[in-house]
Every structure is written in structure tokens, then in C-alpha cells.
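There are 2 protein chains.
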Amino acid sequence: MKSESAGVDSVRVFFEPRSVAVVGASRTPGKLGNTVLKNLLTWKFPGQIFPVNPNPGDILGLPAYTSVSAIPHPVELAVIAIPMDYVLDVARECAGKGVKGMVIITSGFNEIGEEGARRQQELLRIARSAGMRIVGPNTTGIVNPYHPFTTTFVEMGAVRKGAIAFIAQTGMFAGLMLQRIMTAENFGLSIVAGLGNKSDVADHDILEYLAQDDNTKAIMMYIEGVKDGRRFYETARRLTKTKPITAMKIGRTPEGARAALSHTGSLTGSDAVFDAVCRQAGIVRASDFDELIDFAKMFACQPVPKTSRTAVVTLSMGAGALASDFCYESGLELVKLKPATLEKVARKSPSWAKLTNPMDIETMVELVGPVEGYRTAIEAALADENVDQCLIIGATVLQTESDVRFLESVRKAYPQKAISVCILGAKDVYERLFPAIEKYQIPVFPGLRRAVNALAALNRYRQLNRE
Amino acid sequence: MKSESAGVDSVRVFFEPRSVAVVGASRTPGKLGNTVLKNLLTWKFPGQIFPVNPNPGDILGLPAYTSVSAIPHPVELAVIAIPMDYVLDVARECAGKGVKGMVIITSGFNEIGEEGARRQQELLRIARSAGMRIVGPNTTGIVNPYHPFTTTFVEMGAVRKGAIAFIAQTGMFAGLMLQRIMTAENFGLSIVAGLGNKSDVADHDILEYLAQDDNTKAIMMYIEGVKDGRRFYETARRLTKTKPITAMKIGRTPEGARAALSHTGSLTGSDAVFDAVCRQAGIVRASDFDELIDFAKMFACQPVPKTSRTAVVTLSMGAGALASDFCYESGLELVKLKPATLEKVARKSPSWAKLTNPMDIETMVELVGPVEGYRTAIEAALADENVDQCLIIGATVLQTESDVRFLESVRKAYPQKAISVCILGAKDVYERLFPAIEKYQIPVFPGLRRAVNALAALNRYRQLNRE
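Respectively, the protein sequence lines represent chains A and B. Each residue of the first sequence is one higher than the one before, starting from 2 at the first, in our numbering. Each residue of the second sequence is one higher than the one before, starting from 2 at the first, in our numbering.
Have a look at this one:
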């Protein structure tokens, strides 16, 4: 227990530092060391910032220091964005200064071969001897929107606060994913930890930190290689019972493994082993980035359904049949709806309408309009005791925010049942309804398969962790 | 041969009618029979339009007739949007009037059970005895942007002309797909044929028509059930050699089959049989709608590569490794690049940069900027004799239309090599680059897996049809 809480405390400095030195702070727009500093300023980082640059003078309005040692204040964290040849010297300086953590953006370590590996080894030795922790090297590092702080070297506007933590291995990819989440999704993040080469701080350190982080409800991980398999497994297994974890790993295949090795120097290891670890730890695997965010979104806002019994409400039976295929392939059971459920819908349908599951509401829409048609079928489905989750295949007959307002009360009335929505049809309608529906904590997906897969991920989580 | 050319001629009336009766034309906005008429007017259908409605007077500015028989001109095509109870009488009238084809939007036939099946049988008898062809019932029917004509009952703006034909079974789903294509894709369509219950006109009739349609370069099919397996197979096998066909079929699973049966009354049949038919006919299967449009887009604008030897150009080796996994799983070979290829890139990279395939151009971007970095790697890859296709993992360091202009000359210089692009990162950049790159006949996909799968579909096509 002691070492664990020490672990959490030694990692906390990366997320909530009181003072930061930016080593390699640059006056040239576009340079990494310029962007890192600029981000801290635009984010209004609440602690002290010390730019470090061999040439004295101000940088972006802050007085620069010619070295870490020259800073006349304590420094908790150092962000390193300088050429690889200088990193070891700076690390020694940081160690001498009593810096608690370094985020090393610089690349040129394990990932470039033997010489780099020696450099990384020496870096680690310096850090360990001083009790200093390292994130990286070869990474973008940290984002914490709650205690506004980031070491990201891509220019970045505010990151929405939210309930999902994102642990990523590699800089550029994680940065691009983050840009995508911030511009194309509605959910927010609790923290982002880009771990790069994982020379010191590894996934399990971050998972331990997240265990006590109240902002975090679900965790998404992008993994190239796991550093300490045993500790990863043990930490993940404890955590995922209360905070679901979904993970995407590259290097599943020989070609991917070869590419990953040349990247962060990660030995991706046997995929079968990783798969077994995930299964036993209760981690739900995602096979690509879309799945990773879809699953995390689902975990952060939906209850875990008691069974896989599913109702489908659709405007198009073609789409309903395709969804049925996907449900069947994903192990979701299209449940037989109770007579009382079908009766509620039949009352607003022509007599010849054949009602089943999926419930095709096309004829009801013609009689009572899209809002009443969808509302009737969705409420009936969720009220059905046989149903533990509902897939809603929305279509562009629902047009405006007010057309989907009924979903707010639907969500509140059935908090124990999971809901997944996809919207088919025109792009502009999708763009309107996507935020309008997610506002009610109901996740929306751009395609049928993704909406079904996200439901299936919830059920996979239940199977791994609750059965 | 005779029956085949007769087939083409008897189907032509659905795509290029000179005169159309809209039976069930309505004065009430929002009603199907109102929208069908409105679409014909806004599309500026060049032939004659005759609204038919029991109440005399104008509809949308056109004189209405109380019955088909009352129209004092020849009528080539009748679009039927009336309650099912009246359809047989109108069919008899049409037969008497010498109408050549009926598009029957009305539902309530095979798909509702025995009574409906009897109605469909009688409908067919009437049509056959008069040499009249039927599209439907239970469908949206036809879209032809080249000879502006549509029977669609969803309000629809102009449909972009293009090289892809879309044969779909079911009305609502096809309509929603079409909305999506028109609002979220850049490519255009040559025709859309929604066949509904396929009581008479079936897939093979449309394929025969497309064989002689110069506008069509590739065909996407959404299938619930195949009507005449033998003719489907024979027609498709001939056609796909020159005009690639991709098909998505619902009812692959027991649940999907049950749902499809309740929809268009289609017996979806054994999926294994359908799969064998596709394989032997040279049809590339798609498993969902995203794949269907991705594959068709690829077929319409990319050459069929001579081998599966692939080069990957990426800004993020994480994404490169993930792409490598997908390539491996899809049977695409990440080829060993020639020394001369790597040398071209090495000249613009720092000495320690490790170059391989995937080519990570991050360091080159830092030295020479994103445009020059991407251009150098892409040109080098495509010039490599070992490479027959190139996956470009674009990222938001490419920002504007002018950043990707070099792709125009790249596309022209290597017309025999296939290119597939995905763009990672911020949504607004994606939205800018998506049309900017597709303008050069280079397809762009929103995710890595989709970009790889589309390349794999081209190779699947080659394996089925050229090897």
C-alpha cells in the first residue's frame, strides 16, 4: 500500500504541478518549444512558468532563464523540448535542482536503436538517483483541463472537461486523436497522458492516479507496448470494476509490430498474451480509434445493462435488418417484445402493420408524425421488462433539437437501461441532432455498425466484470 | 441476345421516360404524392407530367386528370402512390392505356403476408398480359440525374451526376443512403434504382441496362434478396469485368433474415450461397453502408493495382503501425522500398531518421515543412517499381487546399497506381481537405481502417476478376 500511494503522489506532479520550467522555450512561432509555452499561456496555467533558453530576454512576455539552475525559485516539473544531445545534461541539472518530474518531448532514445537506448538508460539512472519521475521521452506528455495544464507541442485551444481519461503512448498520433475528439465529439476529457517510450512512468502509474481521480469515470488507452505486464494487469483489474477501461493496441500483427518497434522502441509482444491479459483484467479491447472513442463514450455515459436483451426502433426495416445482422454477430439478443409493448405501438399504426423487433415505425410516422412515432416506440420498448437496452435508428425525419427533446425524459425514466442511437440520412441533420441528443447523455454514432458495436462493448464489459 | 436487348429496352422507360403519370398526386404538402410531383418539377423533368387525382383541378400548377384513362396523351410511365386497395384497378387501367412501365411506391404486397402476396401475384399477371414492366411495389423507384427524372417520395434537391450506379432494394433505407451520399460525399451518381419487392424488374434487368450505360463506371448494390439467382450471377459476371460491382446484403444472419422477410417479403437465402455467387461472379462484398460507398468510390476513380504491394506514407508512426496491422489483416503487402526511394527521403531528413515502410515523415516535416515532406515521400513511393499502391495518412499539418495541390500532378504521373488517403486530426481541416483532394480523383476516407479496407477492396477485385 505504501509504495502505491507513493506512486500516486510521485505521478501527481505531472497533472497538477505548481511550477513548470519549459526547457527549450523558443521565440520562433511554430517551434515545439514556442508552442508548449504558448499553450500554457493561452490555457492560463495557474502555476509559475519559467522559460529556459540559452539566449536571455523575454519569451512570449515571460522572463527567460539561461538554465534550469539559474531559476531562482523551486521548480516542480520540467518540460524538455531540446535536441537529444543536451537532454542528459539538463536531466542532471534538474536532478540537482530538486525537480520532481520531467516530461521529455525530445525523441532520439530507445526508438532509434542502441545509441538511443544507452541514452535512455543513463537518463533513467540520473532520474532514479534523484527520485525524479520521467514521462517520455518521445512524447507529447500531459493534458489536464481541470487544473489547466498541458505539455502538448501542437497548438491547442481549450480542452473540454469531461469524464474520460485518455492514456496514449505516442505523441503525434495522440495529438491528432485529441484534435479529433475536441473538434468532432461532444464529450470531454479528465486527463490525457501521453507516455511515449515509457522509460519510467508507465500505464499502471497513471491507472493508480486515476483510481483516486474523481473526475474520471472511464478510461481509454492507446497502447504500443506494455511495460510491466504484471503491474498493468493488477492495477487495471482493480480499477476497471468501477471505471471501465477500453484499450486499443497496435502491433497486433507482424507488420504492425515491426512498425511499432521502429517508433517508440516498444516490443509489442504477443497479441494473444495481451488479449488474455485484457480478458482477465476486464478490459474491453477496441480495434481502431473509432471504436476506442465510441466505447469510452458509451462507458462514460451509459449504465451497464443487466442482460444483452435488446430492442431496436427504426424508421427503415432495411436498416433494422442490417442492425439485426450486426446484433446477432455481436451476441446481442433481439428480444421478443411483450404483447403490451406491441399494443402501445399498434394503437398508433394502421391495422395491417406487422409489429415485431426491430419495430418499424414508418407507418406510425405517417399517421402521427415522427416525434410521436419515435417517442411511442422508444418508451414502449424501454418500459418492456424483457428489454435491457435499446438501439434507436434515427433518421432525418427528426430534424430539429425540439424533435428529440422527448429523449430527455426517456433517459431519466429508465436510468438502468442502455441506449445507443445512430442517425441515418442527411449530414446537416446529423450535425444538428448529434449534439442535441448527446446533451441528454445518450450517445450518438454516425453508422449502424458503430452504434451496435458500442452496445456490444457494454455487454462485453458486463460479461468480463460482472458475470 | 434478342431477349436481352428486349430487356434493356423494356427497362429503359424507367430511366428515360418521355411522359409520366403521377397517380395519387396530392395537393397536400408532405404527402408522398405531393413530394413525387414536386421533385419532378424542381428537377425540371424534360418530359410530360400528368398528375392523377380523383378531384379535378390543378396540382402544383399542372392540370390533374381524374384517372389514367382520362389522360388525352400517350403515357410511357406511371408512378403509383395510392393506397394498396386501388393499385390493381389502376394497373388494369395502365395496361389498357398502353403504359410501358409502372413504378409502384405503394406498400402492402408480398411483405405483409398471404393477402399481400395474392395482390402482388395479380398485379404481375395484369402487367405481363399487357407487356408492361413493374418496378416495386414498395419502393422509392428511380433517380436519373442525366435525364433528370425521379420517382423519389422524399423531397430531394439535385443529385450530382457521376459514375456510380446504385441499385437498392428498399425505399426508406435507399432514400436515407442517397441523402447521405448527396450531403456527405463528393462523388455523383449515374442512376439509382430502388427495386422494392422486385415483383418484376430485378437486379439483373438493371445490370443489363447499366452494361450499355456509358455514364456508369462502377455499381453499388444494396440487396435483401436475389430474385433470379442464375440470371443475377450471369449478368453480374459479364458486367463486373469492366464495371466493378460491390454489394451489401442484409439478412446474413438468422435475425437479419427474419427482419428482412417482414420488410420486402424477401427470402434472403443462405449467406454461404450468396457469398459463393459473389465470389464466382467477381462481386466484392461490403458488410455495411460505409464500406459500400467506400468501395464504389474506390472502383469509380482508382486503377486496379497490378499487385497488392503497398507503400504507406505517414506523419505518425503510431498511425503507421495501426495501418500496418490493417494492411496485414487485409492481405496487403507492405513492400520493401528500394534504396533509391529511401534515399530521396533521407536527403531531406536528419541523419538519424530511420526510414522504412511505413515511411514516417515527421522529421522531414520539421526540416522542410509539411507540403515538401509529404510530396517527397509520396512521389518517391509511387516512383518505386515495387509499389503498386500508396496509402497516404494525411494529418492536419496539411491545412489548406493549396497544401495538397501537388497531389494533382502526383495523380497524373502515376495513373496505373492506386492511392487511398485518410486524414487524421481536426474536423475542420478534414472538411477542407476532403473535397480538395477528391477533386483530383484521389479518394479520401475519415478513418485508417476505411482507407485500408478500400485499398483491399481493389485488390480483392483484382483477385476475383484478373487472376
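Glycine residues also receive a C-beta, built at the ideal position from the N, C-alpha and C atoms.
| query | result |
| --- | --- |
| Any C-beta of chain B under 7 Å from that of A/Lys3 | Note that A/Lys3 scores a pLDDT of 38, beneath 50, so its modelled location is shaky; the value from the coordinates is reported in the next line. Judged by the 7 Å Cβ criterion, A/Lys3 is not in contact with chain B. |
| Interface residues of the segment 304–332 of chain A facing chain B [CB-CB below 7 Å] | Leu316, Ser317, Met318, Gly319, Ala320, Gly321, Ala322, Leu323, Ser325, Asp326, Cys328, Tyr329, Glu330 |
| Stretch-stretch touch, CB-based, cutoff 8 Å, three pairs: the segment 55–71 of chain A with the segment 8–15 of chain A | no |
| Cross-strand partners of B/Arg310 (DSSP beta bridge) | B/Glu334 |
| Neighbour flag for A/Glu380 against chain B, beta carbons, 7 Å | no |
| Cutoff 6 Å; reference B/Glu439; Cβ partners in own chain excluding five residues on either side | Asn187, Val445 |
| Three-state secondary structure (DSSP) of A/Asp10 | helix |
| Collapsed DSSP secondary structure at B/Arg286 in the structure displayed | strand |
| Simplified DSSP state of B/Ser350, which is helix, strand or coil | coil |
| Among A/Val155, A/Ala82, A/Leu459, the one whose alpha carbon lies nearest that of A/Ala285 | It is worth fixing the name first, because residue 285 of chain A is Val in this sequence and not Ala. With distances taken between Cα atoms, A/Val285 lies closest to A/Leu459. |
| Contact list for the segment 15–27 of chain A against chain D, Cβ threshold 8 Å | Protein chains in the displayed structure are A and B, and chain D is not among them. |
| Range of the contiguous beta strand (DSSP E) that encloses B/Lys250 | 246–250 |
| Counted within 10 angstroms of its Cβ, other Cβ atoms place A/Ala203 as buried (16 or more) or exposed | buried |
| From A/Arg119, A/Ile50, A/Met178, residue whose alpha carbon lies closest to that of A/Gln170 | A/Met178 |
| Chain-ordered neighbours of B/Leu335 on chain A, where CB pairs are closer than 7 Å | Glu256 |
| Option nearest A/Thr184 by Cα separation, candidates B/Gln442, B/Tyr441, B/Leu449, B/Val430 | B/Val430 |
| Cut-off 8 Å between Cβ atoms - residues of its own chain near A/Ile127, not counting five sequence neighbours on either side | Leu89, Ala92, Arg93, Ala96, Met133 |
| Nearest-angstrom Cβ-Cβ length linking A/Ala139 and A/Gly197, presumed shorter than 8 Å | One detail in the question is off: residue 139 of chain A reads as Asn in this sequence, not Ala. Correct: roughly 4 Å between the Cβ atoms. |
| The segment 141–154 of chain B touching the segment 113–124 of chain B, judged by at least three CB pairs closer than 8 Å | no |
| Any non-hydrogen atom of the ligand MN within 6 Å of B/Tyr210 CB | In the structure on display, the ligand MN does not appear, and there are no ligands present to speak of. |
| Nearest-angstrom Cβ-Cβ length linking B/Cys391 and B/Leu383, presumed shorter than 8 Å | 6 Å |
| 7 Å Cβ shell around B/Leu61 - same chain, five flanking residues per side excluded | Leu38, Lys39, Leu42 |
| Interfacial residues, the segment 389–403 of chain A to chain B, with Cβ spacing under 8 Å | Ala396, Thr397 |
| Per-residue contacts from B/Ile251 into chain A (C-beta, under 7 Å) | Gly319, Ala322, Leu323, Asp326 |
| B/Gln49 (DSSP reduced to helix, strand or coil) | strand |
| Bounding residues of the alpha helix (DSSP H) (the contiguous stretch that carries B/Leu211) | 204–212 |
| Whether B/Met222 touches B/Ile165 by CB criterion (7 Å) | no |
| Contact belief for B/Met1 with B/Gly109 at Cβ below 8 Å, rounded distance in angstroms | As shown, chain B starts at 2 and ends at 468. That puts residue 1 of chain B outside it, with no answer to give. |
| Span separating the alpha-carbon of B/Trp353 from that of A/Tyr210 | 36 Å |
| Residues near A/Asp289 by beta carbon distance below 8 Å, same chain, minus five either side | Met249 |
| A/Pro55 (DSSP reduced to helix, strand or coil) | coil |
| Alpha carbon of A/Pro64 to alpha carbon of A/Gly195, nearest angstrom | 28 Å |
| Backbone CA spacing between A/Val14 and A/Cys302 [nearest angstrom] | 29 Å |
| Straight-line gap, B/Leu335 to B/Thr342 (C-alpha atoms, nearest Å) | 14 Å |
| A/Thr236: contacting residues in chain B (beta-carbon distance under 9 Å) | Under the 9 Å cutoff, chain B gives no residues; its nearest Cβ is about 23 Å from A/Thr236. |
| Where the alpha helix (DSSP H) containing B/Phe167 begins and where it ends | Per DSSP, B/Phe167 belongs to no alpha helix (DSSP H); it is in the beta strand (DSSP E), 162–169. |
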